[in-house]
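Participant: The structure under discussion is supplied below as structure tokens; questions concerning it will follow.
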Amino acid sequence: MNIDQACEAFKKLLEEQQQRIANMDCTKTDFTNKKVVTIGVVDGDGIGPIITQHAARVLKKLLADEVAAGTIIIKEIQGLTIENRMAQGKAIPDDVLAEIKSCDVVLKGPTTTPHGGTLESANVAMRRELDLYANCRPVSIPEQGIDWMFYRENTEGEYVLGSKGVELPGMAVDFKVTTDLGTRRIARAAFEYAKNNGKTHVSIVTKANIMKKTDGKFTAIAHEVAADYPGITVEDYYIDIMTANLIKEGLREKFQVILLPNLYGDIITDEAAQIQGGVGTAGSANIGDKYAMFEAIHGSAPRMIERGMGHYANPDSILKAAALLLRHICRADKAAKLEDAMAHCPLTVKSDGSAATCQEYADAVIALL
Ligand code: IPM
Ligand code: MG
């Protein structure tokens, strides 16, 4: 590509982004009154099918009465595999996307994203296609006074054009996008969560000293939204010091709701999950106005599969995601039942194979439901 071609490509990207903003639809699905809720279950790659099949068993057990009565439909959706995605050259093959869109909520196993090339991450594509703008990631360690809820913007930032950068001789350029509407809706979601859950502290985390336009906008709009929540203390942090703060005992306990742009949220939630006990212990909710998708925060762990250790994958993360899903569709009692069974399960799963297998652990959790 030469500079003229890059400018042409950039022009097209800007037009696409304007179109995306124009198409944002804020009609919300109301699960309190919905007569039939359809839950899709998508396996994914690597350890995905292993952990997801057990999460599906848990959901079927918890929701058995409602499935029998027809108020809940659980649909297993095939085809979101790296082989099929590569063969079709699509992040999400059309028929799979249509199936996903026929559901209200989806429980998704991790999918593999190839480095380089042009195949986009299935995750990123799904978040965009379903407009799942709020990535909510709870991390809690009660005995250490830690109870954090991360509100990560999930559709913009470095991700939205992550596969659409340009390469010129001797240089590569990627783009980062922050929009008013995109920021306002994630900030609103974070502050609403705080208000509705008795939280009094929201941290806005960016690198606005360096990414002046995009993170500058994110901070400014988040503060505008904050003005509607006078009872909530708001503090600004830069992402670098915030990563340090999360491991600083005596300070980290004060953080409650943490609002951040996409990439910072991606990185810091792995750190937070590790503090909680590992990325295998954290679930993640991807919430839009219409659809929602729930998943583990970790990837498909190809190295575990290569070592033949897939059956020791820890399903805690996807089970926590299943609990988040149940809460989202207003089945809080079922979510509490699952969380309680996990808390009281005598078994643990360790990726080195020194404890129970995924199957044994899931059986034990199901026995407690
Ligand atoms: C996550 C993951 C994804 C991301 C990958 C799999 C695309 O790391 O959900 O945090 O970067 O968002
Ligand atoms: Mg991540």
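Residue 5 is where the sequence shown starts when you use our numbering, and the numbers rise one by one after that. Even glycine gets a Cβ: it sits at the ideal position worked out from N, Cα and C. Keep in mind the model is a prediction, meaning the values are calculated, not measured.
1. Go through its chain and collect everything with a Cβ distance to residue 339's Cβ below 7 angstroms, but skip five positions before and after it.
2. In chain order, what residues place their C-beta within less than 7 angstroms of a heavy atom belonging to the ligand MG?
3. Alpha carbon to alpha carbon, how far is residue 169 from residue 370?
4. Output the boundary residues of the beta strand (DSSP E) element that contains residue 296.
5. Using 8 angstroms as the Cβ pair cut-off and three pairs as the minimum, do the segment 76-88 and the segment 263-283 touch?
6. Bridge partners of residue 79, per DSSP?
7. Quick one: what's residue 154 bridged to in DSSP?
8. Whose C-alpha, out of 34, 253, 112 and 195, is nearest the C-alpha of residue 377?
9. Examine the ligand IPM and report whether any of its heavy atoms sits within less than 8 angstroms of the Cβ of residue 163.
10. By a C-beta neighbour count over all protein chains shown, 10 Å radius and 16 as the cutoff for buried, is residue 260 buried or exposed?
11. Output the boundary residues of the alpha helix (DSSP H) element that contains residue 28.
12. Over what stretch of residues does the beta strand (DSSP E) that includes residue 201 continue unbroken?
13. Note down, in chain order, each residue of its chain lying with its Cβ closer than 8 angstroms to the Cβ of residue 244, except the 5 sequence neighbours on either side.
14. Can you give me the C-alpha to C-alpha distance between residue 251 and residue 156, rounded to a whole angstrom?
15. By Cβ distance, which residues of its chain are closer than 8 angstroms to residue 40, with the 5 residues on each side in sequence left out?
16. Rounded to whole angstroms, what is the Cα-Cα separation between residue 66 and residue 153?
17. Using only the alpha-carbon positions, how far apart do residue 345 and residue 351 sit?
18. In this structure, does DSSP put residue 124 in helix, strand or coil?
19. Let me know the secondary structure DSSP gives residue 90 once reduced to three states.
20. Starting from residue 175, trace the alpha helix (DSSP H) in both directions and tell me its first and last residue.
21. Considering just the uninterrupted stretch of the beta strand (DSSP E) at residue 237, what are its terminal residues?
22. Could you give the DSSP three-state label for residue 208: helix, strand or coil?
23. The ligand IPM and residue 56: does any heavy atom of the ligand fall closer than 8 angstroms to the residue's C-beta?
24. Per DSSP, what kind of secondary structure is residue 134 in: helix, strand or coil?
25. Just mark residue 373 as buried or exposed, buried being the case when its beta carbon has 16 or more other beta carbons within 10 Å.
26. When the Cα atoms are used, what is the spatial distance from residue 374 to residue 334?
27. Using a Cβ-based criterion (distance less than 8 angstroms to any ligand heavy atom), does residue 422 qualify as near the ligand IPM?
28. Given this structure, state the Cα-to-Cα distance separating residue 138 from residue 297, to the nearest angstrom.
29. So within the segment 313-350, which uninterrupted alpha helix (DSSP H) runs reach at least 4 residues, ignoring any that extend past its ends?
Facilitator: Reading off the structure:
1. Result list for residue 339: 327, 330 and 331, in chain order.
2. This criterion selects 270, 273, 274 and 301.
3. 46 angstroms
4. 296-300
5. no
6. DSSP lists 44 as partners of residue 79.
7. 141 and 262
8. Because the chain spans 5 through 373 in this model, residue 377 falls outside it and cannot be assessed.
9. yes
10. buried
11. Neither: residue 28 is in no alpha helix (DSSP H) and is coded neither H nor E.
12. It is not in any beta strand (DSSP E) - residue 201 carries neither H nor E in the DSSP assignment.
13. 211
14. Note on geometry: alpha-carbon atoms of residue 251 and residue 156 lie some 19 angstroms from one another.
15. Answer for residue 40: 74, 75, 76 and 77, listed in chain order.
16. Roughly 26 angstroms separates the two Cα atoms.
17. So the alpha carbons of these two residues sit roughly 11 angstroms apart.
18. coil
19. helix
20. Per DSSP, residue 175 belongs to no alpha helix (DSSP H); it is in the beta strand (DSSP E), 175-177.
21. Taken as a continuous stretch (DSSP letters only), the beta strand (DSSP E) holding residue 237 covers 237-242.
22. Residue state for residue 208 is assigned as strand, using DSSP reduced to three classes.
23. no
24. DSSP places residue 134 in coil when its eight states are reduced to three.
25. exposed
26. Here the chain covers residues 5 to 373 and nothing more, so residue 374 does not appear.
27. Summary: the structure shown does not reach residue 422, with the chain confined to residues 5 through 373, and so no result is reported for it.
28. 10 angstroms
29. 320-332 and 336-348
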